[in-house]
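Residue numbers for the sequence shown follow my numbering, beginning at 416 and rising by one.
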Amino acid sequence: MSGALGGFLGLVGMSAVAGILVTAAVAPAVALSGMAATNTINVFDSLPEYLSIDRLSQKSNIYASTNAEDPVGSRVLLASFYEQNRVDVASDAISQFAKDAAIAGEDPRFMEHGGVDIQSSFNGAVQTLAGGGTRGGSSITQQYVKNVLVQKCEVMTDVDAAKACYDDATKTTADRKLREMRLAIGIEKKYEKADILRGYLNIAGFGGSVYGIEAAASYYFNTTALNLTLPQAASLVAIVNNPVKFQLDRPDSETNGAANGYAANKGRRDYILDEMLKYDKIAQVDYDAAIAAPIEPVITVPSTGCQTAGGSAYFCDYVTKILKSDPTFGEDADTRLANFQRGGFDVYTTLDLDLQAAAETSLNKYVPKTFPGWDVGGVVSSVKVGTGEVLAMAQNKDYSQMEQPAGSTFTSINYNTDRATGGSGGFQPGSTYKVFTLAEWLKEGHALTERVNSRVKSNWGTFQDSCLGPQNYDAQGFSPRNDGGEGGPNESALNSTTRSINTGFIGMAKKLDLCGIRKTAEAFDVHAASGGELGQNASSVIGTNYIAPLSMAVAFAGIANNGMTCTPVVIRSMISSDGAELPIPKSTCTQSVSPEVAAGMQYAMQTTTTGNGTAAASGRRTSPREPIIGKTGTTDKAKDTWMSGASSKVATVVGVVNVSGPFKNQRFTTLNGVRASEIRHYVWPDVMSVANAKYGGEAFPEASSSVINAVAVPVPDVRGESMARAKSTIEAAGFLFVNGGVTSSALPAGTVASTDPAGGSASTRGATVTAFSSDGTGVTVPDVIGKSETDARGTLAGAPYTFTVAKTEQPTTDKAQDGKVLAIQPGAGTASRPGDTVTIVIGKFTAPAPAAPDKGNNNGENG
416 MSGALGGFLG LVGMSAVAGI LVTAAVAPAV ALSGMAATNT INVFDSLPEY
466 LSIDRLSQKS NIYASTNAED PVGSRVLLAS FYEQNRVDVA SDAISQFAKD
516 AAIAGEDPRF MEHGGVDIQS SFNGAVQTLA GGGTRGGSSI TQQYVKNVLV
566 QKCEVMTDVD AAKACYDDAT KTTADRKLRE MRLAIGIEKK YEKADILRGY
616 LNIAGFGGSV YGIEAAASYY FNTTALNLTL PQAASLVAIV NNPVKFQLDR
666 PDSETNGAAN GYAANKGRRD YILDEMLKYD KIAQVDYDAA IAAPIEPVIT
716 VPSTGCQTAG GSAYFCDYVT KILKSDPTFG EDADTRLANF QRGGFDVYTT
766 LDLDLQAAAE TSLNKYVPKT FPGWDVGGVV SSVKVGTGEV LAMAQNKDYS
816 QMEQPAGSTF TSINYNTDRA TGGSGGFQPG STYKVFTLAE WLKEGHALTE
866 RVNSRVKSNW GTFQDSCLGP QNYDAQGFSP RNDGGEGGPN ESALNSTTRS
916 INTGFIGMAK KLDLCGIRKT AEAFDVHAAS GGELGQNASS VIGTNYIAPL
966 SMAVAFAGIA NNGMTCTPVV IRSMISSDGA ELPIPKSTCT QSVSPEVAAG
1016 MQYAMQTTTT GNGTAAASGR RTSPREPIIG KTGTTDKAKD TWMSGASSKV
1066 ATVVGVVNVS GPFKNQRFTT LNGVRASEIR HYVWPDVMSV ANAKYGGEAF
1116 PEASSSVINA VAVPVPDVRG ESMARAKSTI EAAGFLFVNG GVTSSALPAG
1166 TVASTDPAGG SASTRGATVT AFSSDGTGVT VPDVIGKSET DARGTLAGAP
1216 YTFTVAKTEQ PTTDKAQDGK VLAIQPGAGT ASRPGDTVTI VIGKFTAPAP
1266 AAPDKGNNNG ENG
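Right, here's the structure in full:
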């Protein structure tokens, strides 16, 4: 059907639905006039009128600072994040041109109606229902309501629920329109017109991910909402009517591009200008100038995502993971994600840009992004002692938000953190992990100078494990050794630490509880990077667990903090869009070991940074030099190498690691002119030199004598006992038994003839006691002290001794000792062979010199 008749019948056919809309639209007027309500009005009145307006999704900013005392004043933007590029601004921060353009172009009677413009709603309904296509007619308040409902959908984390919500909020149906009107009327009852208009301009979409007048002004014209010119304001408001059709960031568009002067937007812009003139919002002269003005967008894409943070990108990525995972930001994952997507935060982080720059520069100098045949990684993590603040986090790769193939110069994986907060499964820390065995050693009352059996062997026997039961690895041929050379057979805990002797630490573990060592590591907040449990077998003692570098930095900060470990934090403060300070995750500090034990650890780990210690190369290159502790680590075949250490203010861990696949032995590989295994001793000093200059340092507390010095205990006298019994007795007393072989002795063959040190003397627990077995053919030197020289010679030279007697004299003022034996060498009771030489010391009387005469007082005074 066509013509006037068709239009009339079409209108009649839709009259029932149109009547609902018209009736609903006049409901406020009916209510105000006191007229009786119809059934339709009753239906309308039964709809909810309350609409909760949640915080809008906005752009969040992550900052670092150069001054921890003034983080806001010295802030440096690392990155911005947004699901919707929006900056919520106050009404007085929006140009009056933009406000007037919105009213004139979208809702000329905005200031008069009560939330629903009856005339516009009626006209829009008639045109839509008569088949003339969908037409507007919604007031600014109704559009605001619709945008709020859509906003609620867009922050939903469930995709299906979000789609259903969006369909319900935007469907072209009478019931949706009725609900929208009802909510608009409720909004008008609660808020002032100026607040509704501000809310509308802040929530409206301006194309793509651009939302709100402030972000639109910045994106399209590189200005602020307050400084928009009249033609700019009209162009932006034009976009709201149909963002896809009128947005200004597609210069190649045939219908709305640079070639035709953005014709589509200009048409809508000029209409808005016409309406502004019509309603006396602007003067004729301003209108003429605006109409003549060309549309010249200055597209300014905001930085978004951590890739804009350069070398700090991995730290930035870690911050975002914390925002999405820490319970401080929401009780469950969905809530935290919704809060992150809404954004609107200024996040001030703990990153120290000076230390970060040093870390980035040094890694770039020494560790290439790629290397033939080796997926090499370089990492640096620094933590502030006593606070847990992460000061630096760098690696040798460029940051990517997308997963990259192995060996690429880019990666999305943060090598410094756990899998849950960066994707890495961690790395073996090697001998840096030995510090936890050292801690357990001192906790159990052992001293640094106490010695253990550190001989290389594959039959270490049974290890104690209070969690899993006794463990024995002899069947597996467990035989640890050092790639760079072995220690002695009876090393002290101190020397084992200084020189990082593997067998020394296995010997220490033999005297400890493997489960206890693991629990001590956990007390320093050390955990498996994968999220699983730490291993506690014998090999784990020398560093086979996979741990994130940041975890080790936290642990070393705990050691430097006199045994109190503080969990890592990366956010110093966080401010919401309304200026309120928000709660942030706090570091939890726990006493991991007593200060006395920590002092012993510090004492031992200071020795590694000087002299012939394994960390001495890092120590001597650090300037200014503050007191430092350190521990190196090298995994099997030098696959990974580490330098971990701290001053009393800053802890730093540096590693050159194999990320995946085949690897190079770092002792035989050169990177950028430096042997790979030595790079740690260049990067660590580079970072810690900056830390020392900035934060200073203090001397570590003195370790007590009982922690350093092993207790001296008597050596058992086992002469005459069997070697087996002697071994049992000596080891039970806390000494290391060594069979010194056979010696001549009068004692029965096979029994112990003597020990070194001798039985009855004192020696430190853990020291070696060498036992010599008798061959049964020897004699024992008789005791001839006090006898005359003649008698002594007769005894010694006679059977069964037949010793060759030598003589020396020793002056004596005791006439009774003249000619008598004063001493004998070797001593009486010493095992010897017949015919050996024995020296006797004979006393020779010497009269004492006469006393000098007393010459009396010679000072001229009377006596």
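Glycine included, every Cβ here is placed at the ideal spot set by N, Cα and C.
List the endpoints of the continuous beta strand (DSSP E) containing residue i.
i     : result
E1041 : Taken as a continuous stretch (DSSP letters only), E1041 belongs to no beta strand (DSSP E), as it is neither H nor E.
R490  : 490-496
D1171 : 1167-1171
Y729  : Unbroken run through Y729 is the alpha helix (DSSP H), 728-740; no beta strand (DSSP E).
R1281 : Because residue 1281 is not part of the residues shown, which for the chain are 416 to 1278, the question remains open.
C568  : Segment 555-569 is the alpha helix (DSSP H) holding C568; no beta strand (DSSP E) there.
S1075 : 1065-1075
M808  : 805-810
Y1018 : It is not in any beta strand (DSSP E) - Y1018 instead sits in the alpha helix (DSSP H) that spans 1010-1022.
T1005 : 1004-1006
W1057 : 1056-1061
In its own chain, which residues sit with a C-beta less than 7 Å from the C-beta of residue i, not counting the 5 before and 5 after it?
i     : result
A640  : V504, A508, I509, S510, A513, I628, E629, A632
L770  : S797, L806, A807, V1102, V1105, A1106
D701  : L645
I1127 : Here the sequence assigns Ala to residue 1127, which means Ile is not the residue at that position. So the qualifying residues of the chain are A1177, S1178, T1179.
T1185 : V1153, G1155, T1170, D1171
N1273 : Residue confidence is low: N1273 scores 38 on pLDDT, short of 50, so the model does not pin down where it sits. Its coordinate-derived value is still stated next. Excluding sequence neighbours, N1273 sits near nothing in its chain.
G1076 : D790, A821
P1215 : V1194, P1249
Let me confirm a value: residue i is counted as buried when at least 16 other C-beta atoms fall within 10 Å, else exposed. Which label applies?
i     : result
T764  : buried
A444  : Bear in mind that a pLDDT of 38 at A444, under 50, signals an unreliable position, so the number given afterwards is only what the model happens to contain. Result: exposed.
T980  : buried
N960  : buried
I986  : buried
L883  : exposed
Q383  : Residue 383 lies beyond the range of the chain shown here (416 to 1278); nothing can be said about it.
M817  : exposed
A439  : Only weak support exists for where A439 lies, its pLDDT of 43 falling under 50; the value from the coordinates is given anyway. Its Cβ being crowded by 16 or more others within 10 Å, A439 is buried.
G726  : buried
T1056 : buried
M526  : exposed
G973  : buried
Give every residue of the same chain whose Cβ lies closer than 6 Å to the Cβ of residue i, excluding the five residues on either side of it in the sequence, and list them in chain order.
i     : result
Q1021 : I1044
R1090 : none
V458  : Reliability of the predicted coordinates at V458 is poor, the pLDDT of 49 falling under 50, and no value is obtained from them.
P1265 : none
T1261 : P1226
Are the Cβ atoms of residue i and residue j separated by less than 8 Å?
i     : j     : result
I477  : V782  : no
A1246 : S1169 : yes
G1181 : F1150 : yes
P983  : N831  : no
S1189 : A1164 : yes
I962  : N917  : no
V850  : M1016 : yes
S495  : P787  : no
Out of the options, which has the shortest C-alpha to C-alpha gap to residue i?
i     : options                    : result
L612  : A1173, I1239, K474, P523   : P523
P1263 : K1230, G1250, A1238, D1251 : K1230
V1256 : W1099, I1239, G845, G950   : I1239
V574  : C721, D749, A519, R1040    : D749
L492  : G682, G1048, G672, D761    : D761
K784  : Q816, G745, T826           : T826
R490  : V1199, E948, T802, M989    : M989
V871  : Q499, K780, T852, N897     : N897
F636  : Q566, P712, K1079          : P712
E595  : V625, Q566, S554, E607     : S554
S1143 : A1031, G840, V1167, N977   : V1167
For residue i, verify whether its CB is less than 7 Å away from any heavy atom of the ligand FMN.
i    : result
H861 : Although the ligand FMN was asked about, the structure shown includes no ligands whatsoever.
Taking the alpha helix (DSSP H) that residue i falls in, what are its first and last residues?
i     : result
I602  : 589-605
Y1216 : Counting along the chain, Y1216 falls outside any alpha helix (DSSP H), and DSSP gives it neither H nor E.
I want to see whether chain B comes within less than 8 Å of residue i, judged by CB atoms only; does it?
i    : result
N976 : Absence of chain B from the displayed structure is noted, only one protein chain being present.
Using C-beta distances below 8 Å, list every residue in its chain close to residue i, excluding the 5 sequence neighbours before and after it, in chain order.
i     : result
G1244 : T1195, V1196, D1198
K517  : Reading off the sequence, residue 517 comes out as Ala, not Lys. Within the same chain, A517 has close Cβ partners I555, L612, Y615, L616, V652, V655.
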